[in-house]
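In the numbering used here, the protein residues as written are 7 to 402.
Comments concern the structure below.
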Amino acid sequence: NDLNDTYVQANMVVAGLRAMLKADDGEIKEQVDAYIDGLDVPNLVKEGLHKLIDPYDIADVITKAAVCLASGKDAIGPFHRRNVRDLYFGYNNDDVLTSIKSLLPATAAKNFSTYAPGLSTNYTSEEDVKRRDNTWTTYTGYDDIRNLGKYKYYANMTEMYVCPDYTFACDGVVPPTFDLEGGEIPVCLKFQAEWNEREIYCHGYRPMFATHEANKIMGTDGTLSGDLPVDTDYMQVFISDLYRSSALKYFGNVDWEGITLRRYGIDPKDLLNSDALPSQADFYQFSYDGLENMTTAAGFPLFASKPHFYDADEALLLGVEGMNPIQEHHDTYVDFEPITGVAMRAAKRLQINNVLFNLPTVAGGAVEGYELKKHFPDYADAFDCLEQDWSGIGSA
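Shown next as structure tokens:
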């Protein structure tokens, strides 16, 4: 069977799923097995399909059927293209989620969102800011200049929490409602500083990392320093894109327009895994060196790195075609003027990587690729890079 025949068969599976949604697990398994066994395909293909679908898991059946939906020229597969703006800030009408929604009864579909959440607030969108952003509080340095610009609260938090499920609630908490059919973007209720641990949990929030220490929000946002003159080997900052605090390391002086600046960047030890540095287990750094684990925030296996896996394990570099790491183009840095403590030049460069599951193919084999053999025996995909560069007084 060629690819088009496979899509046709997938559509037949989808048609049968509508009736199966009301069936119990045993009936679902019988129907899925009977359908696969009745296909006019080689036994090797049937074996591959049996391995691909867990008939005891209705969500698994629906999801894997949905990603194979086809409709003429609009046929989609497990992969589809999105620009980095959508992936970073979120987007409505996700192809796969829309396909899944089409399988659900009307009552269930009404409360099913096709919005794919991003990792950050889009500050060019007033609507996105109102929905997702929260109160930031920083010190003025009035009582102690060394505290200038340091966070008291980031999004009303002193420790980093994320909310992966806006529908979760307990102890009488009422989850927010949205016009999902009208495309309204669902988000969790805004975090409140006065919540206790139980209230945080019942509003759907979860700690980003494993320990209180790892989740502490410390330092500035990296645009200025109250520790004057700037002459230390490390500078404490909170990196919101990575959901964690970090001590930037001094890497030497650079010249900009005749002004001597001190360059700080990500400390290489913050990119080590827990095998090399056991304390990194607090940040769930169980994979290769060079990856920052963002899975808790994303809700699926997601990792950040420097672009082209610069400063990462060579296995990652070799595992994705087209990688060519160059420090000048792919490193992240902030250059501070030492007398005023103002960041005069910076380059923030980030690559987002996700894990592709090892799905059996119709040939009964595995998708060709490089395995991440440590804590997730699947595949890595470096799907896009983000870059923000600026120079001059202030920030952009």
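For every residue, glycine included, the Cβ atom is placed at its ideal position computed from N, Cα and C.
_At the level of alpha carbons, what is the spacing between residue 158 and residue 195?_
One Cα belongs to residue 158, the other to residue 195, and the distance between them is close to 21 Å.
*Determine, using beta carbons only, whether residue 240 and residue 300 come nearer to each other than 8 Å.*
Cβ distance not < 8 Å, so residue 240 and residue 300 don't count as in contact.
*asked:* Is the beta carbon of residue 310 closer than 8 Å to that of residue 272?
replied: Contact: no.
*Quick one: what does DSSP say residue 178 is sitting in, helix, strand or coil?*
Coil at residue 178, not helix or strand.
_Which of helix, strand or coil DSSP assigns to residue 1_ = Beyond the ends of the chain as shown, which are 7 and 402, falls residue 1; an answer cannot be given.
_alpha helix (DSSP H) segment containing residue 333, residue limits_ = Taken as a continuous stretch (DSSP letters only), the alpha helix (DSSP H) holding residue 333 covers 333-336.
*Can you give the beta carbon distance from residue 408 to residue 192, rounded, assuming they're within the 8 Å contact cut?*
No statement about residue 408 is possible, as the shown extent of the chain runs from 7 to 402 and does not include it.
*Report the three-state DSSP secondary structure of residue 284 (helix, strand or coil).*
Assigned with DSSP and collapsed to three states, residue 284 falls in helix.
*asked:* Give me, in chain order, the residues of the same chain whose beta-carbon lies closer than 7 Å to that of residue 343; leave out the 5 immediate sequence neighbours on both sides.
replied: Here the set comprises 265, 267 and 350.
*Output the distance between the C-alpha atoms of residue 46 and residue 103, rounded to the nearest integer angstrom.*
If you take the alpha carbons of residue 46 and residue 103, they lie about 29 Å apart.
*With a threshold of 16 other CB atoms inside 10 Å of the CB of residue 221, please say whether the residue is buried or exposed.*
Classification of residue 221: buried, given that the 10 Å Cβ count is 16 or more.
*So, helix, strand or coil for residue 95, using DSSP?*
If DSSP states are grouped into helix, strand and coil, residue 95 belongs with the helices.
*Determine the direct distance from the alpha carbon of residue 230 to that of residue 154, and round the result to whole angstroms.*
Spanning the two alpha carbons is a distance of roughly 8 Å.
*Please report how far the alpha carbon of residue 378 lies from the alpha carbon of residue 293, in whole angstroms.*
Residue placement at residue 378 is poorly supported in this model, since its pLDDT is 32, which falls under 50; the coordinates still yield a value, given next. Computed Cα separation, rounded: 8 Å.
*Nearest candidate by alpha-carbon position, reference residue 185, set 238, 146, 119 and 170*: Ranking 238, 146, 119 and 170 by Cα distance to residue 185 puts 119 first.
*For residue 336, count neighbouring Cβ atoms within 10 angstroms of its own Cβ and tell me buried if that reaches 16, exposed if not.*
Burial of residue 336 is indicated by the presence of at least 16 other C-beta atoms within 10 angstroms of its C-beta.
*Quick one: Cα of residue 53 to Cα of residue 44, how far?*
Answer to the nearest angstrom: the Cα atoms are 12 Å apart.
*Cβ distance (whole Å) where residue 244 is taken to contact residue 225 below 8 Å*: At roughly 5 Å, the Cβ-Cβ gap stays under 8 Å, so residue 244 and residue 225 are in contact.
*Cβ separation of residue 219 and residue 288, assumed to be a contact under 8 Å, to the nearest whole Å*: 7 Å between Cβ atoms; contact.
*Please go through the same chain and pick out, in chain order, the residues whose beta-carbon is closer than 6 Å to the beta-carbon of residue 190, but skip the five residues on each side of it.*
Correct list, in chain order: 184.
*Taking buried to mean at least 16 other C-beta atoms within 10 Å of its own C-beta, is residue 374 buried or exposed?*
Summary for residue 374: the model assigns pLDDT 31, below 50, so the residue's position carries little reliability; its value from the coordinates is reported in the next sentence. Label assigned to residue 374: exposed.
_Straight-line gap, residue 306 to residue 298 (C-alpha atoms, nearest Å)_ = So the two alpha carbons sit approximately 14 Å from each other.
*asked:* Which of the three DSSP states is assigned to residue 206 in this structure?
replied: DSSP, reduced to helix, strand and coil, places residue 206 within a helical segment of the structure shown.
*Between which two residues does the alpha helix (DSSP H) carrying residue 325 extend?*
That run of the alpha helix (DSSP H) goes 320-325.
*Exposed or buried, which one is residue 152 when buried takes at least 16 other CB atoms within 10 Å?*
Here residue 152 is exposed. Its C-beta has fewer than 16 other C-beta atoms within 10 Å.
*Would you say residue 315 and residue 296 are within 8 Å of each other, going by their C-beta atoms?*
A contact, by the Cβ cut-off of 8 Å.
*CA-to-CA distance, residue 173 to residue 210, given in whole angstroms*: Distance between the alpha carbons of residue 210 and residue 173: 8 Å.
*asked:* For residue 39 and residue 56, I'd like the C-alpha separation in whole angstroms.
replied: Those two C-alpha atoms are separated by around 7 Å.
*Use the C-beta contact count for residue 463: other C-beta atoms within 10 angstroms, 16 or more gives buried, fewer gives exposed.*
The structure shown does not extend to residue 463, since the chain is modelled only from 7 through 402, so no value can be given for it.
*Which residues in the same chain have their Cβ closer than 6 Å to the Cβ of residue 370, if we skip the five residues on either side of it in sequence?*
With a pLDDT of 28 at residue 370, under the threshold of 50, the modelled position of that residue is not reliable, and the figure given next carries that caveat. Taking C-beta separations shorter than 6 Å and ignoring five residues to either side along the sequence, the partners of residue 370 in its chain run 50, 53 and 54, following chain order.
*Under the DSSP definition of a beta bridge, which residues are partnered with residue 298?*
DSSP, once it has assigned bridges, lists 310 as partnering residue 298.
*In terms of alpha-carbon separation, which member of 101, 281 and 246 lies closest to residue 214?*
Selected option, being the one with the closest Cα: 246.
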